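Taking it in order: structure first as structure tokens, then the write-up.
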Amino acid sequence: MCDRVGVLYAGKLVEEGPAADVFAKPRHPYTVGLLRCLPRAGRSKETGRLDTIPGSLPLPGSIAQGCIFAPRCKLADERCLKDAPPPYRVASAHGDQMARCHYHERAETLPRSTDEAPVPAASGEASPLALSARNLSKTFRVGDEDVRAVHDVSLDLVQGETLGLVGGSGSGKTTLAKLLLGLVSPDRGATLELDGASLPERVTRRSGEQVKSLQIVFQNPDSALNRAHSVRRLIARSLSKLAALHGQAKEERLRTLTEAVRLPERYLGSRTRQLSGGLKQRVAIARAFAGDPRVVVCDEPTSALDVSVQAAILNLLADLQRERRVSYVFISHDLHVVRYLSDRIAILYLGRIMEISRAADVFDGPQHPYTEALLSSAPALDGARAKRIRLPGELPSAADPPSGCVFHTRCPRKIGDICETETPPCRDAGNDHAIHCHIPVDELRALQRQES
Ligand SMILES: Nc1ncnc2c1ncn2[C@@H]1O[C@H](COP(=O)(O)OP(=O)(O)OP(=O)(O)O)[C@@H](O)[C@H]1O
Ligand code: SF4
Ligand code: SF4
Ligand SMILES: [Mg+2]
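So for the sequence shown, this note's numbering puts the first residue at 6; every next one is plus one.
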């Protein structure tokens, strides 16, 4: 989108230059660190942990001397602590690039802060089913209209696997999450099973064991955490409620749980309003894990966080999954974030699953035309991007969805009247990959190869 980019740290412009050059050869260690935190195309929990930036932003005015990034910079030396770096300017491929770093020529040699060892994958293959949902629909009555937020969704989740849910705003991701959690009741005809046993639709009808087994982490931890309570009290409450622990046993579990979510002990006495977004999200994750859940639904848990904190939370979720064989339904509108953590991905549009496949296959194709458009608009930092597909028009109202294929009003690959009149079939693209489209899989593949 931008021709030039500026990178701000603690109120200072630490790097600035042509976007292509800053991304290809960043010259400030902070920029280098930020880029390494991002789950780039092709990265997943199996390829390695994401890097993070250690420490946190300095308080305003707390660094009177030297480079403001020095406390977090692994290249810092005596000179950095003494002399604030001036803006160094170099001529790069597309224009002038500026970086406030004494060692800007070797910024990219910044050592990693997080061990890159891959998180061993949950194999998925031989694992039993953890959660199964069939024919989930949800219609909200709004005024005199019926809003069909989720339409006939069926999905399975095996133990230790992550199913990513991707879709634009209003595609029904949160409603689907709430249906699984029993926080809203589905329309007639749905069935839910947890570990092979029938799961009541409403959370109020579920057993204590079922409630603790199925937990949620929201995008905004503030909505779930009482700001006036201390971190200790919030986690302890969940341990009493979900794990029925008291006294010494509760204290011990509180310690192991806060260690597991990498929440430093010094924060236990803090009120949540005093915590940063990343720390609050760790408290929310600790609470969700208090009763050793089988399935955790993560509804955009990192979209309110900066990329370094996001990387730390994604690493944490991957570690917890490996340690506890918990399954995730991981919701995000960011395909690369979803790809990083997911074993399988489902793409939602107007409350319907358009495509579902193993995570790598979503990128390799063939893709549903909506997925294709989503992928083309995902930011590629290495400059290698397919032509961006801009979808015409607005998202239709869920109260009045288009006939036939609900995507037909915006689909760049629409083949004719059939798209407007008939619900598309579910086509098998092999390897557990299903695409709902009138175009046969081979044709779709050929069309997409031709244009890539
Ligand atoms: N309680 C409700 N009452 C009426 N309509 C609702 C309600 N909750 C959701 N909807 C509608 O259902 C549709 C799906 O909403 P939902 O919040 O599930 O989407 P989403 O994919 O989570 O979106 P976002 O990415 O913005 O979080 C939208 O059209 C929304 O307006
Ligand atoms: S001047 Fe020193 S501390 Fe500051 S960013 Fe450069 S190497 Fe790091
Ligand atoms: S069925 Fe038709 S309108 Fe729908 S995605 Fe396929 S080509 Fe596009
Ligand atoms: Mg949502």
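Where a beta carbon is used, it is the ideal one built from N, C-alpha and C, also for glycine. Only a predicted model underlies this, so the values are computations on that prediction, with no experimental measurement involved.
Could you check the C-alpha separation between residue i and residue j for me, to the nearest Å?
i	j	result
residue 95	residue 226	43 angstroms
residue 367	residue 376	8 angstroms
residue 159	residue 287	30 angstroms
residue 423	residue 409	7 angstroms
residue 229	residue 266	17 angstroms
residue 436	residue 279	48 angstroms
residue 250	residue 294	14 angstroms
residue 382	residue 392	9 angstroms
residue 27	residue 18	13 angstroms
residue 322	residue 275	23 angstroms
residue 340	residue 334	14 angstroms
residue 252	residue 324	28 angstroms
residue 427	residue 421	11 angstroms
residue 457	residue 257	56 angstroms
residue 233	residue 310	22 angstroms
Tell me, please, whether the CB atom of residue i is closer than 8 angstroms to any CB atom in chain B?
i	result
residue 64	Here chain B cannot be found, since the structure has a single protein chain.
How about residue i and residue j: do their beta carbons lie closer than 8 angstroms?
i	j	result
residue 296	residue 217	yes
residue 169	residue 364	yes
residue 184	residue 208	no
residue 355	residue 397	no
residue 42	residue 331	no
residue 197	residue 206	yes
residue 38	residue 103	no
residue 235	residue 192	no
residue 31	residue 112	yes
residue 259	residue 244	yes
residue 119	residue 36	no
residue 77	residue 33	no
residue 107	residue 90	yes
residue 173	residue 413	no
residue 350	residue 171	yes
residue 440	residue 360	yes
Which same chain residues end up closer than 8 angstroms to residue i when comparing Cβ atoms and leaving out the 5 residues on each side of it in sequence?
i	result
residue 133	163, 164, 200, 201
residue 114	80
residue 214	none
residue 231	239, 277
residue 75	68, 81, 85, 86
residue 194	140, 142
residue 404	147, 150, 151, 152, 153
Taking the continuous beta strand (DSSP E) assigned at residue i, which residues delimit it?
i	result
residue 142	134-147
residue 311	It is not in any beta strand (DSSP E) - residue 311 carries neither H nor E in the DSSP assignment.
residue 302	300-304
residue 157	150-163
residue 34	Residue 34 -> not in any beta strand (DSSP E); alpha helix (DSSP H) instead, spanning 34-42.
residue 17	17-23
residue 342	It is not in any beta strand (DSSP E) - residue 342 instead sits in the alpha helix (DSSP H) that spans 340-346.
Apart from the five residues on each side of it in sequence, which residues of its chain come closer than 6 angstroms, Cβ to Cβ, to residue i?
i	result
residue 304	179, 182, 223, 224, 336
residue 129	Reliability fails at residue 129, whose pLDDT of 45 lies under 50, so the model's placement of it is uncertain and no value is given.
residue 342	44
residue 442	373, 429
residue 416	374
residue 299	135, 218
residue 268	287
residue 369	none
From which residue to which residue does the alpha helix (DSSP H) around residue i run?
i	result
residue 262	252-265
residue 240	236-248
residue 182	178-186
residue 228	226-229
residue 369	364-369
residue 283	282-293
residue 450	446-456
Which residues in the same chain have their Cβ closer than 7 angstroms to the Cβ of residue i, if we skip the five residues on either side of it in sequence?
i	result
residue 6	none
residue 24	7, 8, 9, 10
residue 262	240, 291, 294, 295
residue 270	263
* Asked: In chain order, what residues have a CB nearer than 7 angstroms to some heavy atom of ligand 6?
  -> This structure lacks ligand 6; its bound ligands are ligand 1, ligand 2, ligand 3 and ligand 4.
* At which residue ranges does the segment 63-102 contain complete alpha helix (DSSP H) runs of 4 or more residues, listed in the order of the chain? -> 83-87
* To do: Go through the segment 375-431 residue by residue and report every complete run of the beta strand (DSSP E) that reaches 3 residues or more, in order.
  => none
* Asked: Along the chain, which unbroken stretches of the beta strand (DSSP E) at least 3 residues long are found entirely within the segment 185-222?
  -> 196-199, 219-222
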